[in-house]
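Here the structure is laid out as structure tokens; the discussion comes afterwards.
Numbering (the numbering used here), first residue to last: 2 to 69.
Here's what the structure looks like:
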């Protein structure tokens, strides 16, 4: 059963703090965090420690807005 769960649930999801960090770095001209994030989400079943950890405690709550 655990094997079936692992096959169906990705290890990597694009977490808000990682997306924000990649966008901030890209805005500053550093594409490396974006490229690393892109590699991780293209292979979501490969566990990468940097992308499975929760947001740091200082990240706070995240609010999104929809303009539609």
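Ideal Cβ positions, reconstructed from N, Cα and C, are used throughout, including at glycine.
For residue i, three-class secondary structure by DSSP
i	result
residue 43	helix
residue 5	helix
residue 59	helix
residue 12	coil
residue 48	coil
residue 65	coil
residue 38	helix
residue 54	coil
Contacts around residue i, its chain only, beta-carbon distance under 7 Å, and the 5 residues preceding and following it disregarded
i	result
residue 12	45, 46, 47, 48 and 53
residue 32	none
Sequence-distant residues of its chain with Cβ nearer than 8 Å to residue i (five each side left out)
i	result
residue 38	15, 19, 20, 23 and 52
residue 27	34 and 35
- Query: Is the segment 14 to 25 in contact with the segment 53 to 69, if contact means three or more CB pairs nearer than 8 Å?
  - Reply: yes
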